Every structure is written in structure tokens, then in C-alpha cells.
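Numbering-wise, numbering that gives the first Met the number 0 puts 14 at position 15 of the sequence shown, and it's gapless, one number per residue.
Glycine included, each C-beta is placed from N, C-alpha and C at the ideal position.
Computed from a predicted model, the values in this text were never measured in an experiment.
Notes to accompany the following structure.
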Amino acid sequence: MEEVILPGILLTILIGIAYLTGRVADGVHDRALKRDESLLPRQVLDSGSNIPGDIKLHDTAMVTGKVVIAEDRFRNLLARLRIFVGGRLSAHEASITRAKREAMLRLRTNAKGASHIIGIRFDSAQLSRGMIEMIVS
């Protein structure tokens, strides 16, 4: 009987550690994003490609922001179970949202001094299992 219970307890402990580690890392990253976003100057962000008529162009440049994030193991486990039964993959949605915010933060940081950023486009790719690349330009 102990041969069955002990591995079950160890597995439960490992899953709990994976869950807590992921939650702590997400919380730390979210707080850092909020802090860094609040420190950036206000900029007009527009996904359109037309330059408004009232803007006088001084300098123009192509700016990008890129990030690669790894999804945590616990969320991957939950997503695999969800794929099996069907439904929304909210664990992946949260990771993609964080990647978008981080890429946008990097874009805005690279565009320091700009009053307007126009023609914003997001692109993403799965580099390998559990790794997402997000590019904004």
C-alpha cells in the first residue's frame, strides 16, 4: 500500500510546487510590467497606417519590440487536459497577453521621445513547446 501512496504524495507535492512557482513568477512579472508601463511617457498609439494631418513629422523610424517567454509547466499540463476535453485555453491566453504587454513595453521604450507610434502590428510564433515569441512593430 505504501508503494502506491508515497509516489502519489510526491506527485501531488511536485504539482503544488510547479503551481506555486508559476503563480509567483507571473505575479512578479505582472508587477514589473505595471511599474515599467507607468514610467513611460504618454504616446499616441495607433494601429492605422495613415498619419493624421495635424502631425508635423520631424524624425521617423521603424521601431520594434520583441520578447520570448516560456510558459510554466503547470499551465502546460492544464492546457493539455483542456485540449483533451475541449474548451478555451485560458492558461495560454494569459501567457499571450503577458507577451503582448512585454513586447509593447519594449516597443515604446525603443521609441522614447516619439509622440506618436503608428502602424502597430503584432505577430507571434511558437518557437518550441512552451515558448512563445511575440513581435510588435
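Measuring only the C-alpha atoms, how far is residue i from residue j?
i: valine 43; j: alanine 110; result: 11 Å
i: glutamine 167; j: methionine 133; result: Residue 167 is absent from the structure shown; the chain starts at 0 and stops at 136.
i: isoleucine 140; j: serine 123; result: Examination of residue 140 is not possible in this model, given that the chain is present from 0 through 136 alone.
i: threonine 11; j: tyrosine 18; result: 11 Å
i: leucine 128; j: leucine 76; result: Here residue 128 is arginine; the residue named in the question, leucine, does not match the sequence. About 12 Å.
i: alanine 137; j: glycine 26; result: Any question about residue 137 goes unanswered here, given that the chain covers just 0 to 136.
i: isoleucine 116; j: alanine 60; result: 10 Å
i: aspartate 45; j: serine 114; result: 11 Å
i: alanine 24; j: aspartate 53; result: 44 Å
i: leucine 9; j: leucine 88; result: 27 Å
i: aspartate 58; j: arginine 41; result: 18 Å
i: proline 51; j: methionine 103; result: 22 Å
i: phenylalanine 83; j: lysine 33; result: 34 Å
i: leucine 13; j: glycine 7; result: 10 Å
i: leucine 80; j: glycine 112; result: 46 Å
Less than 8 Å between the beta carbons of residue i and residue j, yes or no?
i: glycine 21; j: arginine 74; result: yes
i: valine 3; j: threonine 63; result: no
i: lysine 55; j: arginine 105; result: no
i: leucine 39; j: arginine 120; result: no
For residue i, which of the options has the nearest alpha-carbon?
i: serine 48; options: Ala17, Gly129, Gly118, Leu39; result: Gly118
i: aspartate 29; options: Pro6, Arg87, Ala93, Thr108; result: Ala93
i: arginine 72; options: Pro6, Gly15, Lys99; result: Gly15
i: valine 67; options: Leu13, Leu32, Lys99, Arg81; result: Lys99
When we look at the beta-carbon of residue i and count the other beta-carbons within 10 Å, is it buried (16 or more) or exposed?
i: glutamate 36; result: exposed
i: glutamate 101; result: buried
i: alanine 90; result: buried
Residue i: beta carbon under 7 Å from a heavy atom of the ligand FAD?
i: isoleucine 82; result: The ligand FAD is not among the ligands present in this structure, which contains no ligands whatsoever.
message: Runs of 4 residues minimum, wholly inside the segment 14–95: which ones carry the alpha helix (DSSP H) assignment?
response: 72–84
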